[in-house]
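**Q**
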Amino acid sequence: MSELLTASTTATAAAPAGSAPGRLRGVLGSDLLWSFRHSPVAIVAAIVALTVILSAALAPWIAPHDPFDLASLSLLDASNPPAWIEGGSWSYPLGTDNQGRDVLSAILYGARLSLVVGVSAVVFAVLLGVTLGLIAGWRGGIVETIIMRIADVQLSFPAILIALLIDGVARSLLPREVQAEITLYVLIGAIALSAWVQYARTVRGSTLVERNKEYIQAARVIGVHPVKIVIGHLLPNVLGPVLVIATINLALAVLTEATLSFLGVGLPPTQPSLGTLIRVGNDYLLSGDWWISIFPGSVLALLILSVNLLGDWLRDALNPKLR
Amino acid sequence: MIGFIIRRLFQAVLVMLIVALIAFALFNFVGDPINNMVGQDTSLADRERLRQELGLNDSFIVRFARFVGHAAQGEFGLSYQQARPVGQIILEKMPATLELSFAAAILALSLGVPMGIYTGLRRNSWGAQLLLGISLIGVSLPTFLIGILLILIFAVWLGWLPSFGRGAVVHFGWWSSGLFTVEGWRAIILPSVTLALFQMTLIMRLVRAEMIEVLRTDYIKFARARGLTNRAVNFGHALKNTLVPVITITGLQLGSIIAFAIITETVFQWPGMGLMFIQAVTFADIPVMAAYLVLVGFFFVVINLVVDLLYYVVDPRLRIERERAAGV
Chain A
711 MSELLTASTT
721 ATAAAPAGSA
731 PGRLRGVLGS
741 DLLWSFRHSP
751 VAIVAAIVAL
761 TVILSAALAP
771 WIAPHDPFDL
781 ASLSLLDASN
791 PPAWIEGGSW
801 SYPLGTDNQG
811 RDVLSAILYG
821 ARLSLVVGVS
831 AVVFAVLLGV
841 TLGLIAGWRG
851 GIVETIIMRI
861 ADVQLSFPAI
871 LIALLIDGVA
881 RSLLPREVQA
891 EITLYVLIGA
901 IALSAWVQYA
911 RTVRGSTLVE
921 RNKEYIQAAR
931 VIGVHPVKIV
941 IGHLLPNVLG
951 PVLVIATINL
961 ALAVLTEATL
971 SFLGVGLPPT
981 QPSLGTLIRV
991 GNDYLLSGDW
1001 WISIFPGSVL
1011 ALLILSVNLL
1021 GDWLRDALNP
1031 KLR
Chain B
158 MIGFIIRRLF
168 QAVLVMLIVA
178 LIAFALFNFV
188 GDPINNMVGQ
198 DTSLADRERL
208 RQELGLNDSF
218 IVRFARFVGH
228 AAQGEFGLSY
238 QQARPVGQII
248 LEKMPATLEL
258 SFAAAILALS
268 LGVPMGIYTG
278 LRRNSWGAQL
288 LLGISLIGVS
298 LPTFLIGILL
308 ILIFAVWLGW
318 LPSFGRGAVV
328 HFGWWSSGLF
338 TVEGWRAIIL
348 PSVTLALFQM
358 TLIMRLVRAE
368 MIEVLRTDYI
378 KFARARGLTN
388 RAVNFGHALK
398 NTLVPVITIT
408 GLQLGSIIAF
418 AIITETVFQW
428 PGMGLMFIQA
438 VTFADIPVMA
448 AYLVLVGFFF
458 VVINLVVDLL
468 YYVVDPRLRI
478 ERERAAGV
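Residue numbers (our numbering), protein chains in the order written: chain A, 711 to 1033; chain B, 158 to 485.
(1) With burial defined as no fewer than 16 other Cβ atoms inside 10 Å of the residue's Cβ, what is the status of arginine 388(B): buried or exposed?
(2) Taking only beta carbons into account, state which residues of the segment 879-911 of chain A come closer than 8 Å to chain B, listed in chain order.
(3) At least one CB of chain B closer than 7 Å to the CB of valine 833(A): is that the case?
(4) Is the separation between the beta-carbon of isoleucine 175(B) and that of leucine 973(A) shorter than 7 Å?
(5) Around the Cβ of proline 731(A), are there at least 16 other Cβ atoms within 10 angstroms (buried) or fewer (exposed)?
(6) Excluding sequence positions up to five away, which residues of its chain have a Cβ less than 6 Å from the Cβ of arginine 365(B)?
(7) For valine 219(B), tell me which candidate among Phe181(B), Glu256(B), Ala253(B) has the shortest Cα-Cα distance.
(8) For the beta strand (DSSP E) containing tryptophan 332(B), list its first residue and its last residue.
(9) Start and end of the alpha helix (DSSP H) containing valine 964(A)?
(10) Which two residues bound the contiguous beta strand (DSSP E) that contains valine 329(B)?
(11) For threonine 338(B), which residues of its own chain have a beta-carbon under 8 Å away from its beta-carbon, when the five flanking residues on both sides are left out?
(12) Distance, Cα to Cα, glutamine 981(A) vs phenylalanine 867(A)?
(13) Anything in chain B within Cβ reach of tryptophan 1000(A), meaning under 8 Å, just list it in chain order.
(14) Pick helix, strand or coil for leucine 884(A), following the three-state DSSP scheme.
(15) Considering only residues of the segment 856-927 of chain A, which uninterrupted beta strand (DSSP E) runs meet the minimum length of 3 residues and lie entirely inside it, listed in chain order?
(16) Tell me where the alpha helix (DSSP H) around arginine 365(B) begins and ends.
(17) What are the start and end residues of the alpha helix (DSSP H) that includes isoleucine 294(B)?
(18) DSSP three-state call for aspartate 812(A): helix, strand or coil?
(19) Got a sec, what are the start and stop residues for the alpha helix (DSSP H) glutamine 245(B) sits in?
(20) Can the beta-carbon of alanine 265(B) be found closer than 7 Å to that of isoleucine 360(B)?
(21) Report the rounded CA-to-CA distance for leucine 235(B) versus alanine 447(B), giving the unit in angstroms.
(22) Express the C-alpha separation of alanine 816(A) and leucine 823(A) in angstroms, rounding to a whole number.
(23) Taking beta-carbon pairs under 7 Å, can you tell me which members of the segment 166-185 of chain B lie near chain A?
(24) According to a CB-to-CB cut-off of less than 7 Å, which residues of the segment 952-979 of chain A neighbour chain B?
(25) According to the neighbour-count rule (16 or more other Cβ atoms, all chains shown, within 10 Å of its Cβ), is isoleucine 870(A) buried or exposed?
(26) By Cβ distance below 7 Å, which residues in the same chain neighbour leucine 1020(A) in space, the five residues on each side in sequence not counted?
(27) Can you pull the chain B neighbours of proline 868(A), defined as C-beta to C-beta under 8 Å?
(28) Using a beta-carbon distance cut-off of less than 7 Å, what residues from the segment 841-872 of chain A approach chain B?
(29) Mind listing which residues of the segment 435-449 of chain B have their C-beta closer than 7 Å to chain A's C-betas, in chain order?
(30) Which residues, in chain order, does the segment 978-998 of chain A contribute to contact with chain B at a C-beta distance below 9 Å?
(31) Verify the CB distance criterion: does glycine 1021(A) have a CB-CB separation below 7 Å to chain B?
(32) Can you grab the Cα-Cα spacing for the pair aspartate 375(B) / aspartate 465(B), in whole Å?
(33) Enumerate in chain order the residues of its own chain whose CB-to-CB distance from valine 570(B) is below 6 Å, with the five nearest sequence positions on each side excluded.
(34) Measure the alpha-carbon distance for glycine 851(A) versus alanine 177(B) and round it to whole angstroms.
(35) Helix, strand or coil, according to DSSP, for leucine 1028(A) in the structure here?
(36) Identify every residue that forms a DSSP beta bridge with threonine 806(A).
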C-alpha cells in the first residue's frame, strides 16, 4: 500500500550512502535526537507506536481475559457491544465477538502475532536483500546480472501479488495436516521474499560506490581476506539507508500480513492476527456488530500510520540534503 | 528507437516465459495430475498408459513447449473445483474485474489530478493541508479496511447502497455488463471508490510534487515576467510539463489496480477474477491459479511495455539523450 512512500525512500535514502565511516554512530548520538525532539509528529508517532508495541508484547500480563482459554468463554456474553453503549459491560471494555471472546484481549494477542510476523519478515528480507546486494555489487559480472534481472522482474509486479502467489503456491505444495503449524513460517517467508528487492538494489548501489574508495583498496592491498573486507569494512558503510527502508517496510510487512490474513490465506482463526480478527468480524458487520472488526482495524491503522510517520521522519533526519 | 523497442520486446517475452515456467512448475510439481483424474482402483498399467497418452512422459522441454502453446490459446485444462474449462471461467469473470478497474482508474484520475493541482498551487491554504492530511491516512489505511468502513456507513447504517455483488447484469455475447442497469451502477459505487482511494491519493501527491517542482523553474518565472495570466502559466506551461511522470505512474498503477482488485473483490464479494483467484488459492485449484498467474503476468508485461514506449514518445529529452549517447 505504501509503495509510494517506500519507493521515494529508496531514491532519497541512497543519498547518505557515501557518508564517511562511523558517521551513523555520531548521528545516533546527537543530531538524530535533536531532530526527534524538535519534530512533534515524530514524538506523537513514536508514542503511539510504542504504546501499541508494548501492549502487544505484554499481552499475556495486561489482557483482561485469555482469548484462547475456551473454558472461560460463555455464549451468554456473545456479541456484547462496547462498554459505553447500552448493553455493554466494563468487564469487556470493547465488547465481545460472536463466541463471547473479549475483543480487547483478542486485539492485544492479535497485534502480538501481527508484529511477530512483520518484524521477522523484515529481518529475513533485510538478510536476504543485503546479502544478495553485496554479492551483486562486489562480484559483478554474470552473478550481478542474474540477481538484478530477477529483481527487475519482481519489481514490475506489486509486492502484495508476489506475497499472495508465494503463499498460495506454498499452501498447495504442503499437505493439509502440517499446514496449521507452519502457516506462520510460510507467511513470514512469503512476505520476506516479496520485499527483498529494495534492499538488494540499495545495497548494490552503495557497494558500487564504496568498493572503489581508498579504505577498501587499502584493505585489499594489505591482504585482508575478501569476506572480511565485505563484512567488516563494506557492510557497516552501506547499512544506513537499509535501516530507513526497513523501518518503513515494517509498516508494509504488517499491512501485507493483515491483507493476506484478511483474504483468508494468512493466519487461521485459531491463531488470529489483526487481519484475521478483521476478517472474522467482517462476517458480523451486516448484522450491525461493527465493533468486532472496527476496533482491530483501528489498531492496525494506528500502528501502520505511526510506523510510516516514524520512517518518514527518520528518512528526512538522516538525509544530509535536507539539513 | 527500433533497437530500443526490440530490446524491450525481447525483455517482455523473457518475463512472460519466466511467468509461464512458474505456472508450468505449479502444474507439474504440485500433486500428480493422474491422481486427480483416475479413481483409487485404476491399475498401474492403466495409469502408465494414460500417462503415455497425455504425453506426461515426454521430456521437460517438450512438455513446457506444449504448455506454452496451449496457454497462448487460452487453454489451461479443467478447474479441479468446478470441473469446467478454466478459459471459460476466466472469460466469464473478466468483464466484472475490468469494469471495476476502469471505473476506479477513471475516478482516481478525475479526482486525483485536480486535487493535486489545487494542493500544488495553493500550498499553504488550509484546504490543501487538509487534503494532504487526509491523503496520509488514505495511504496508511489498508484497502480492505476502507471497504469495511464504507460498507458499515453506506450499507449498514444508512442503507443507501448494496454491500455485495454486481447487481443485475446485461449480456452482450460473452461480455456481461453491470453498467446498463440502475442496480449495477449502485453496486459499483462502493467497490470502485474503495479501489480508487489509494490510487487517488498517490496521483494527488505525485501531481502536487511535480507542480511544486515545475513552478520553481526559470521558464515559469519568465512566463510570469512576460505578464501572462496565472491561468496560462499554471495550466498552459506548468501542468503540461507535469504530465509525463503522471502518465507513466498512472499507466503502471493500472496494473496494481488489477492486483488490488483481489482485495476489493473479496470485501464486496464482487464476482471477478480476483475473487476467483482467492477461492482457487483456498481450494488449491492449480489450473485456475496458473491461468490467473499467466493472465496477470501478461497484463503487467503489456502495460509496462506500453508505458515504456509511451514515455519514450512523450518525452523528447529522452530521445535526444539516447541519440547523443549513441553518437559518442
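We put the CB at the ideal spot given by N, CA and C, even for glycine.
**A** Reading from the atomic positions:
(1) exposed
(2) Val879, Arg881, Ser882, Leu883
(3) no
(4) no
(5) Residue placement at proline 731(A) cannot be trusted, given a pLDDT of 48 that sits under 50; the coordinates are not used to answer.
(6) Gly273, Thr276, Gly277
(7) Phe181(B)
(8) 332-334
(9) 945-972
(10) As written in the sequence, residue 329(B) is phenylalanine, which differs from the valine given in the question. Here the beta strand (DSSP E) through phenylalanine 329(B) covers 327-329.
(11) Gly324, Ala325, Val326, Val327
(12) 29 Å
(13) Leu309, Val313
(14) coil
(15) none
(16) 339-372
(17) 283-297
(18) strand
(19) 243-278
(20) yes
(21) 11 Å
(22) 11 Å
(23) Val172, Ile175, Leu183
(24) Leu965, Ala968, Thr969, Phe972, Leu973, Gly974, Val975
(25) buried
(26) Ala752, Ala755, Ala756, Ala759, Thr957
(27) Gly412, Ser413, Ala416, Phe417
(28) Val863, Ser866, Phe867, Pro868, Ile870, Leu871
(29) Ile435, Val438, Thr439, Ala441, Ile443, Met446
(30) Gly985, Ile988, Arg989, Gly991, Asn992, Leu995, Leu996, Ser997, Gly998
(31) no
(32) 28 Å
(33) Residue 570(B) is absent from the model: chain B starts at 158 and stops at 485.
(34) 27 Å
(35) helix
(36) Asp812(A)
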